[in-house]
Amino acid sequence: MELRHIKYLLAVADHGNFTRAAESLHISQPTLSQQIKQLERVLGVVLLDRSGRTVRLTDAGHAYAQHARLALRDLDAAERAVHDVQDLSRGHLRVATTPTFTAYLIGPLVHRFRSEHPGIALTLRETTQDRIESDLAADRLDLGIAFAGPHAAGIEHTALFTEQLTLVVGSGHALAEATGSLPVRNLTGHPLGLLSADFATRVHIDRYFDDAGVRPEIAIEANSISALLEFVGRGTLATVLPDAITRAHPAVRPVPLDPPLPMRAVELLRRHSAYHSAAARAFAEVLQSVAHDY
4 MELRHIKYLL AVADHGNFTR AAESLHISQP TLSQQIKQLE RVLGVVLLDR
54 SGRTVRLTDA GHAYAQHARL ALRDLDAAER AVHDVQDLSR GHLRVATTPT
104 FTAYLIGPLV HRFRSEHPGI ALTLRETTQD RIESDLAADR LDLGIAFAGP
154 HAAGIEHTAL FTEQLTLVVG SGHALAEATG SLPVRNLTGH PLGLLSADFA
204 TRVHIDRYFD DAGVRPEIAI EANSISALLE FVGRGTLATV LPDAITRAHP
254 AVRPVPLDPP LPMRAVELLR RHSAYHSAAA RAFAEVLQSV AHDY
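In terms of the working numbering, the sequence shown opens at residue 4 and continues consecutively.
Okay, here's the thing in structure tokens:
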């Protein structure tokens with residue numbers, strides 16, 4: 004048995020088809036079929052059900068593939084460990100964050116990290132918190148930046164800072180000159196533009212209004228913070244955003260609510276017991292330093 008046998012089996016399982024799997028592996032279909040049969044002979048079991056239009060794993064195949072994926076993941080981590088350069092002259096880091104942080108945290112963070120470690124290539128993407136945790140568990144990510152709360156098994160989390168949500172309006176809005184804290188019930192009649200439901204922030208906002216017994220007038224839902232800031236700065240809409248975003252945009256103004264909007268803890272996430280490269284450790288140190296500003 005060789006490592007390629009495992010990769011070939013998983014490719015067929017993922018594609019459900021020998022032809023597409025062979026194309027993805029850049030080998031011929033007869034070669035792929037022969038190699039899978041060789042693996043089945045070594046193990047003494049049938050791993051693939053070839054009787055239907057789609058090739059599927061047998062029960063034995065499912066059991067084997069589950070462990071094979073874990074083995075490949077650990078081998079990939081081992082390869083990164085071998086090539087990890089402790090002086091940080093080169094390396095690669097995979098980081099994901101929930102979307103609101105790109106509006107205020109990620110810019111200073113990446114600038115600082117690149118200034119200190121220009122040899123490290125950084126892959127950064129926005130996604131949901133659930134996806135961050137599943138990708139960490141599957142070793143598709145090195146680090147994640149998200150919120151505190153119940154985490155998936157095997158996810159290690161470190162507190163960074165606390166984020167405060169704030170009602171935000173433009174300078175021409177009727178609430179822009181409000182003094183003191185505005186009772187939340189007085190938002191009735193003031194249309195809101197809010198982040199869409201796929202944002203973790205929206206969950207906190209909806210829970211706040213539910214607890215206050217208020218049904219806000221939601222005029223616009225958007226999956227872009229920059230779009231919401233544009234709408235709010237130019238028109239009569241109000242929105243709810245982290246106060247750090249408000250501080251960075253002088254064209255909008257915060258309006259304190261009574262009761263106050265919720266705070267939530269921001270955390271650095273990583274896979275427990277995983278190999279943490281020198282680049283990952285350096286990024287975590289820079290992140291902790293930048294987080295002190297918030």
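Every residue gets a Cβ at the ideal spot worked out from N, C-alpha and C, and that includes glycine.
Being a predicted model, the structure only gives us computed values, none of them experimental.
Can you tell me the Cα-Cα spacing of residue i and residue j, whole angstroms?
{"i": "GLU270", "j": "LEU51", "result": "42 Å"}
{"i": "LEU127", "j": "VAL113", "result": "9 Å"}
{"i": "ALA151", "j": "VAL45", "result": "47 Å"}
{"i": "ALA283", "j": "GLY157", "result": "18 Å"}
{"i": "GLY238", "j": "VAL171", "result": "12 Å"}
{"i": "ALA149", "j": "ARG274", "result": "14 Å"}
{"i": "HIS154", "j": "THR103", "result": "19 Å"}
{"i": "LEU260", "j": "ASN226", "result": "24 Å"}
{"i": "HIS252", "j": "SER137", "result": "34 Å"}
{"i": "LEU139", "j": "SER199", "result": "24 Å"}
{"i": "HIS65", "j": "ARG7", "result": "18 Å"}
{"i": "THR191", "j": "LEU185", "result": "11 Å"}
{"i": "ARG117", "j": "LEU96", "result": "12 Å"}
{"i": "THR204", "j": "THR105", "result": "13 Å"}
{"i": "HIS34", "j": "GLY55", "result": "What sits at residue 34 in the sequence shown is Thr, not His. Going by the C-alpha atoms only, they are around 21 Å apart."}
{"i": "ALA177", "j": "ASP133", "result": "38 Å"}
{"i": "GLY110", "j": "THR61", "result": "48 Å"}
{"i": "VAL258", "j": "GLU159", "result": "36 Å"}
{"i": "VAL187", "j": "ARG267", "result": "19 Å"}
{"i": "ALA24", "j": "LEU78", "result": "21 Å"}
{"i": "ALA287", "j": "GLN38", "result": "43 Å"}
{"i": "ALA141", "j": "GLY94", "result": "20 Å"}
{"i": "HIS59", "j": "ARG53", "result": "First, the residue type needs correcting, since residue 59 is Arg and not His in the sequence shown. Rounded to whole angstroms, ARG59 to ARG53 spans 7 Å at the Cα level."}
{"i": "LYS10", "j": "SER31", "result": "15 Å"}
Beta-carbon within less than 7 Å of residue i's beta-carbon, same chain only, minus the 5 sequence neighbours each way: which residues are those?
{"i": "THR161", "result": "GLU270, LEU271"}
{"i": "GLY196", "result": "ALA222, ILE223, ALA225, LEU231, PHE234, VAL235, LEU240, THR242"}
{"i": "SER27", "result": "ALA14, HIS18"}
{"i": "PRO265", "result": "LEU168, HIS207, TYR211"}
With which residues is residue i paired in a DSSP beta bridge?
{"i": "LEU2", "result": "Outside the displayed span of the chain (4 to 297) sits residue 2, for which this structure offers no information."}
{"i": "ARG274", "result": "ILE158"}
{"i": "VAL269", "result": "PHE150, PHE164"}
{"i": "LEU51", "result": "LEU60"}
{"i": "ASP246", "result": "According to DSSP, ASP246 bridges with nothing at all."}
{"i": "ASP261", "result": "PRO186"}
On the DSSP letters alone, give me the boundaries of the alpha helix (DSSP H) that residue i sits inside.
{"i": "HIS114", "result": "109 to 119"}
{"i": "VAL58", "result": "Per DSSP, VAL58 belongs to no alpha helix (DSSP H) and is neither H nor E."}
{"i": "VAL45", "result": "32 to 46"}
{"i": "HIS18", "result": "6 to 18"}
{"i": "ALA287", "result": "281 to 294"}
{"i": "THR22", "result": "21 to 28"}
Might you give, ordered along the chain, the residues of its own chain that have their beta carbon closer than 6 Å to the beta carbon of residue i, omitting 5 neighbours on each side?
{"i": "HIS193", "result": "ALA241"}
{"i": "ALA247", "result": "TYR107, TYR297"}
{"i": "LEU125", "result": "LEU96"}
{"i": "THR130", "result": "ALA99"}
{"i": "LEU244", "result": "VAL171"}
{"i": "ILE135", "result": "ALA99, GLY147, ALA149"}
Short of 8 Å in beta carbon distance, which residues of its chain neighbour residue i, apart from the five on each side in sequence? Order them along the chain.
{"i": "SER36", "result": "PHE21"}
{"i": "LEU13", "result": "ALA68, ALA71, ARG72, LEU75"}
{"i": "ARG115", "result": "VAL289, SER292, VAL293"}
{"i": "LEU91", "result": "HIS120, GLY122, ILE123, ALA281, ALA282, ALA285"}
{"i": "VAL255", "result": "VAL171, VAL172, GLY173, SER174, LEU232, VAL235, GLY236, THR249"}
{"i": "ARG218", "result": "PHE212"}
Would you kindly report the start and end of the unbroken beta strand (DSSP E) that includes residue i?
{"i": "HIS95", "result": "94 to 100"}
{"i": "VAL255", "result": "255 to 258"}
Quick one: does the C-beta of residue i sit closer than 7 Å to a heavy atom of the ligand COA?
{"i": "LYS10", "result": "The model on display carries no ligand, and the ligand COA is accordingly not part of it."}
> Residue ranges of each alpha helix (DSSP H) run of no fewer than 4 residues wholly in the region 122 to 205, ordered along the chain?
Replying inline: 132 to 140
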